[in-house]
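Student: In my numbering, the protein residues as written are 1 to 520.
Dropping the structure in here first, questions after.
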Amino acid sequence: MNLIIMPLKKIAKLLFNRIFYVAVALLIQLVWVFLFVWELAGYSQYISLGITVLSIVMVLWILNKRINPSYKLGWTMLIMAFPVFGLLLYLLFGHSRIAEEMQKRYARVQEDSVPYLQSDPEVCRRIQEEDPSAAVQSEYICRHSVYPVYEHTKAEYFQVGDDMFPVLVKELEQAEHYIYIEYFIINDGVMWRTILDILEQKAAQGVDVRLIYDGFGCLTTLPYKYDKFLREKGIQCKVFNPFRPVLNIIQNNRDHRKICVIDGKTGFTGGINLADEYINQKERFGHWKDTAVMLKGDAVWSMTMMFLHMWNVVNGIQTPIDYAAHSPHAYHPEEFEGSGFVQPFTDTPLDGETLGENVYLNIINRAKRYVYICTPYLIIDNEMMTALCLAAKSGVDVRIMTPGVPDKKMVFLLTQSYYAQLIEAGVKIYEYQPGFLHAKSFVCDDEIAVVGTINLDYRSLYLHFEDGVWIYKNDVIRDILEDFLETMHYCDPISLEFCKNRNIFVRGFQSILRVFAPLL
Numbered sequence: 001m002n003l004i005i006m007p008l009k010k011i012a013k014l015l016f017n018r019i020f021y022v023a024v025a026l027l028i029q030l031v032w033v034f035l036f037v038w039e040l041a042g043y044s045q046y047i048s049l050g051i052t053v054l055s056i057v058m059v060l061w062i063l064n065k066r067i068n069p070s071y072k073l074g075w076t077m078l079i080m081a082f083p084v085f086g087l088l089l090y091l092l093f094g095h096s097r098i099a100e101e102m103q104k105r106y107a108r109v110q111e112d113s114v115p116y117l118q119s120d121p122e123v124c125r126r127i128q129e130e131d132p133s134a135a136v137q138s139e140y141i142c143r144h145s146v147y148p149v150y151e152h153t154k155a156e157y158f159q160v161g162d163d164m165f166p167v168l169v170k171e172l173e174q175a176e177h178y179i180y181i182e183y184f185i186i187n188d189g190v191m192w193r194t195i196l197d198i199l200e201q202k203a204a205q206g207v208d209v210r211l212i213y214d215g216f217g218c219l220t221t222l223p224y225k226y227d228k229f230l231r232e233k234g235i236q237c238k239v240f241n242p243f244r245p246v247l248n249i250i251q252n253n254r255d256h257r258k259i260c261v262i263d264g265k266t267g268f269t270g271g272i273n274l275a276d277e278y279i280n281q282k283e284r285f286g287h288w289k290d291t292a293v294m295l296k297g298d299a300v301w302s303m304t305m306m307f308l309h310m311w312n313v314v315n316g317i318q319t320p321i322d323y324a325a326h327s328p329h330a331y332h333p334e335e336f337e338g339s340g341f342v343q344p345f346t347d348t349p350l351d352g353e354t355l356g357e358n359v360y361l362n363i364i365n366r367a368k369r370y371v372y373i374c375t376p377y378l379i380i381d382n383e384m385m386t387a388l389c390l391a392a393k394s395g396v397d398v399r400i401m402t403p404g405v406p407d408k409k410m411v412f413l414l415t416q417s418y419y420a421q422l423i424e425a426g427v428k429i430y431e432y433q434p435g436f437l438h439a440k441s442f443v444c445d446d447e448i449a450v451v452g453t454i455n456l457d458y459r460s461l462y463l464h465f466e467d468g469v470w471i472y473k474n475d476v477i478r479d480i481l482e483d484f485l486e487t488m489h490y491c492d493p494i495s496l497e498f499c500k501n502r503n504i505f506v507r508g509f510q511s512i513l514r515v516f517a518p519l520l
């Protein structure tokens, strides 16, 4: 009897899942459009010839675009192999850009805020004196993300979400003026209920509480129209790019950022979403290893601006932001303490600048002794592969840590398909055995680190809104390094024999996945 009940429960769970109906709706639309175009092509040889010519023209257009060669290869093979289906998919999903109106709004709010994001010449001079190479990296980030580098900022690093959560709760409880939260995933449970109770109380006390969550990230974790429910509690709430079961290109771009800003002087970011698995209150894929950083000081101003930019964009607000009212020094007039330099930044799919990837490439290319990397997904393009291999071949100690327990099996196979080439070049690969590693961090030469939301995959590097913190000679770098070295004790090193001795069918499937990796 139990053998019958268990499958029925799984079927019922599937049928009552929102994403099931969304997937069915999208599939029906895709099949209908495909059949329409297929029938149209079969109706007349001239129409069929026209579609073939259009496919060739589209391939030539793709090949001449200024986009990553891996994208070109993936789409070219798909269109040439399946002209009707491939062309249709490219027209629907091939653009790594969102609606033109949102582009204009984003550019406008950033332009309006430029006077409030001016670099301090003295800070720039001091980092130049410390290390011209680091100054070049910082200047690149400032020019292409508009966010400058700061001093006077303390940073605290969290090895797991379990450590971050009580600190986040404490900081939220101390909020007096505003709380701004922007997350990819929010899910009901211990973590979110605790935070929601505090947000309700603070909103009732007159604190300005605002929340942005991603429409796709929360598709299965929050009820329909949850934003309306929160507004009834006094919490201003907006959904980024609400997911609708309609075939269109803008669903490809998501808000993957994780930002919490409190009174302009305390900010959190990292890989941790607001769901129980991130603090190991619920087991998913074994022990969940994730990291985050808390900033206190001048650099939080940029994180505040990041949120306000996105808030105006998703609201379509035309009125200027009162930036002066959000200044951290409005509520903390004395100078902040802190060591070294800290520079929060964002990466967007709007400007054609792969800033997140270039920040990582700058670190790898300028490394002298070591680069240690944590990433849940290792799906890299030729530029990243070349940089990692060249660094290792040049004698730099390059180590990459990935999950030992996958959250997505196909993506895990794809991640493992890159191991052999890296190991042959001298890169050391480690898989975290207790569970899923969701951390995204770089640490280099005891001097530079990045903690944020940016994965080493095509979606993070090309399609999503992301954020991170570039850190130079801040005391927190020692903690990031120690965490990596300590976590290695819970990892298995991957050998070249492991890669070469895998089942031939697995390696064949991985080869196919590699071709279409940019499209996944």
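No residue lacks a Cβ here, since even glycine has one placed at the ideal position from N, Cα and C.
Any idea what DSSP makes of Leu211, helix, strand or coil?
Tutor: Three-state DSSP puts Leu211 in a strand.
Student: Do the CB positions of Gly340 and Tyr472 come within less than 7 Å of each other?
Tutor: In contact: Gly340 and Tyr472 (Cβ atoms closer than 7 Å).
Student: Let me check one thing: in DSSP terms, what residues is Cys260 bridge-paired to?
Tutor: Answer is Ile181, Phe268, bridged to Cys260.
Student: Arg126 lies in the alpha helix (DSSP H); which residues open and close that run?
Tutor: Where Arg126 is concerned, the enclosing alpha helix (DSSP H) stretches over 121-130.
Student: Runs of 4 residues minimum, wholly inside the stretch 285-328: which ones carry the alpha helix (DSSP H) assignment?
Tutor: Those alpha helix (DSSP H) runs which fall completely within the stretch 285-328 and span 4+ residues are 300-315.
Student: The alpha helix (DSSP H) with Glu156 in it runs from where to where?
Tutor: Taken as a continuous stretch (DSSP letters only), Glu156 belongs to no alpha helix (DSSP H), being part of the beta strand (DSSP E) at 153-158.
Student: Going by CA-CA distance only, name the one from Arg514, Lys265, His332, Leu308 that's closest to Tyr323.
Tutor: When only C-alpha atoms are compared, the closest one is Leu308.
Student: Which residues in the same chain as Val443 place their Cβ atom closer than 7 Å to its Cβ, once the five residues preceding and following it in sequence are excluded?
Tutor: The answer, listed in chain order, is Tyr372, Ala449, Ile477, Ile480, Leu481, Phe484.
Student: Using the three-state DSSP reduction, which class does Thr221 fall into: helix, strand or coil?
Tutor: Here Thr221 sits in coil by DSSP.
Student: Here's the rule I'm using: 16 or more other beta-carbon atoms within 10 Å means buried, otherwise exposed. How should Met303 be labelled?
Tutor: Result: buried.
Student: To the nearest angstrom, how far is it from the Cα of Lys202 to the Cα of Glu277?
Tutor: About 26 Å.
Student: Report, in whole angstroms, the separation of the C-beta atoms of Asn365 and Tyr140, which I expect to be a contact under 8 Å.
Tutor: Their Cβ separation, rounded to whole angstroms, is 12 Å, which puts Asn365 and Tyr140 out of contact at 8 Å.
Student: Which residue's Cα is closest to the Cα of Ile400: Cys374, Arg108, Met385, Thr194?
Tutor: Taking only the C-alpha atoms, the option nearest Ile400 is Cys374.
Student: In the DSSP assignment, find the beta strand (DSSP E) that holds Tyr524 and state where it starts and stops.
Tutor: Because the chain in this structure spans residues 1 to 520, residue 524 falls outside the shown range and cannot be described.
Student: For the stretch 145-159 against the stretch 217-225, do three or more pairs of beta-carbon atoms, one drawn from each stretch, fall closer than 8 Å, so that the two count as touching?
Tutor: Judged by Cβ distances under 8 Å, the stretch 145-159 makes no contact with the stretch 217-225, as fewer than three pairs qualify.
Student: Consult DSSP for Gly395 and reduce its assignment to one of helix, strand or coil.
Tutor: Gly395: coil per DSSP, three-state reduction.
Student: Apart from the five residues on each side of it in sequence, which residues of its chain come closer than 8 Å, Cβ to Cβ, to Gly234?
Tutor: Result list for Gly234: Glu200, Ala203, Ala204, Val209, in chain order.
Student: Taking Lys258 and Gly435 to be in contact with their CB atoms under 8 Å, please state how far apart those CB atoms are, rounded to whole angstroms.
Tutor: Not a contact, Cβ separation roughly 20 Å.
Student: To the nearest angstrom, report how far apart Ala107 and Cys499 are at their CA atoms.
Tutor: Near 45 Å, if we compare the C-alpha coordinates of Cys499 and Ala107.
Student: Between the C-alpha atoms of Pro121 and Met306, what's the straight-line distance to the nearest angstrom?
Tutor: Each residue's alpha carbon lies about 22 Å from the other.
Student: Distance check for Ile512 and Pro518, CA to CA, integer angstroms please.
Tutor: Taking the straight line joining both Cα atoms gives about 12 Å.
Student: Helix, strand or coil for Ser441? Go by DSSP, reduced to three states.
Tutor: The answer is strand: DSSP assigns Ser441 an E or B state.
Student: Suppose you measure from the CA of Leu49 to the CA of Phe82; what does that come to, to the nearest Å?
Tutor: If I take the Cα positions, the gap works out to 14 Å.
Student: So, at 6 Å on beta carbons, what are the nonlocal neighbours of Leu78 in its own chain, with the 5 sequence-adjacent residues on each side left out?
Tutor: Around Leu78: Gly86.
Student: Hey, Ala299 and Met164: beta-carbon distance below 7 Å or not?
Tutor: Cβ atoms of Ala299 and Met164: not closer than 7 Å.
Student: In this structure, what does DSSP give as the bridge partners for Thr402?
Tutor: Paired residue(s): Glu431.
Student: Going by Cα to Cα distance, which pick from Asn273, Lys368, Ile262 is closest to Pro328?
Tutor: Out of Asn273, Lys368, Ile262, Ile262 has the C-alpha closest to the C-alpha of Pro328.
Student: Tell whether a beta-carbon distance below 7 Å holds between Leu461 and Gly356.
Tutor: Yes, Cβ-Cβ distance for Leu461 and Gly356 is below 7 Å.
Student: Is Tyr21 helix, strand or coil by DSSP?
Tutor: Confidence in Tyr21 is poor, its pLDDT being 49 and thus under 50, which makes the residue's placement unreliable; the coordinate value appears in the next sentence. Residue state, collapsed to three classes: helix.
Student: Specify the secondary structure class of Thr375 as computed by DSSP and reduced to three states.
Tutor: Here Thr375 sits in coil by DSSP.
Student: Which whole runs of the beta strand (DSSP E) in the stretch 326-361 are 3 residues long or more, in chain order?
Tutor: Taking only runs of at least 3 residues, the beta strand (DSSP E) segments lying wholly in the stretch 326-361 are 341-347.
Student: Just the Cα atoms here: how many angstroms apart are Met385 and Gly264?
Tutor: Met385 and Gly264: Cα-Cα distance of roughly 38 Å.
Student: Comparing C-alpha positions only, which one of Glu447, Leu168, Tyr490 sits nearest to Thr266?
Tutor: Checked all of Glu447, Leu168, Tyr490; the closest Cα to Thr266 is Leu168.
Student: Report the partner residues of Val239 according to the DSSP bridge assignment.
Tutor: Per DSSP, Tyr213.
Student: Taking C-alpha atoms, which residue in Val53, Ile62, Trp470 lies nearest to Gly270?
Tutor: Of the listed residues, the one whose Cα sits closest to Gly270 is Trp470.
Student: Is the CB-CB distance between Val558 and Asn312 below 7 Å?
Tutor: In this structure the chain extends from 1 to 520, so residue 558 is not present and cannot be described.
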